[in-house]
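Peer 1: Heads up, the sequence shown is in this note's numbering, so the first residue is -19 and it goes up one at a time.
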Amino acid sequence: MNSEEILKQVTQKCIRCGFCVYSCPSWSVHGMNEYYSPRGRVTLIKAMVNDPNFKIEEAVDSIYTCNTCRRCYIECPTGVDVAELSIYARDYIAKKLNAVK
Ligand code: SF4
Ligand code: SF4
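1. How far does the alpha helix (DSSP H) with Cys52 in it reach, from first residue to last?
2. On the three-state DSSP scale, how would you describe Gln(-8)?
3. CB of Ala63 to nearest heavy atom of ligand 1: below 7 Å?
4. Which runs of the alpha helix (DSSP H) fall wholly inside the segment -1 to 35 and span at least 4 residues, in chain order?
5. Contact between the segment -1 to 9 and the segment 43 to 53 is defined here as three or more beta-carbon pairs at a separation below 8 Å; is this criterion met?
6. If Leu24 sits next to Ser42, beta carbons under 8 Å apart, how far is it from one beta carbon to the other, in whole angstroms?
7. Would the beta-carbon of Tyr72 fall within 8 Å of that of Val40?
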């Protein structure tokens, strides 16, 4: 599977429960803004790989401010690993943005 296929498959597992949000240090230091939460990252990544009208630049700051600590993974009832997703998303973003330059 390539990074796009992995991102599509794993983001389907998120049920948007929010159990992960409070564990995220990135969310805390960014004023508890959903954009910087694990759930917010999953939502952005899901849109990025499924919606052809989504502007990738809008997801960059969120994805690159995940410090890959995996604290959210401990809380997630469906096993979504946002750290791993963020790493695949960076690969996806780099390829897409370089391709359009
Ligand atoms: S892995 Fe990323 S999204 Fe998850 S708690 Fe750590 S900084 Fe937040
Ligand atoms: S805990 Fe898991 S299923 Fe719930 S919102 Fe976070 S990533 Fe999605």
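Backbone N, C-alpha and C fix where the C-beta goes; we use that ideal spot for every residue, glycine too.
It should be emphasised that the depicted structure is a prediction, and the values quoted were computed from it without experimental measurement.
Peer 2: With the structure as the only source:
1. Cys52 -> alpha helix (DSSP H) spans 51 to 55.
2. The DSSP-derived three-state label of Gln(-8) is coil.
3. Yes, the beta carbon of Ala63 sits closer than 7 Å to at least one heavy atom of ligand 1.
4. Within the segment -1 to 35, the complete alpha helix (DSSP H) runs of at least 4 residues are 5 to 9, 18 to 30.
5. Output reads yes: the segment 43 to 53 touches the segment -1 to 9.
6. Yes, they are in contact, since the Cβ atoms of Leu24 and Ser42 sit about 5 Å apart, within 8 Å.
7. Contact flag unset, no.
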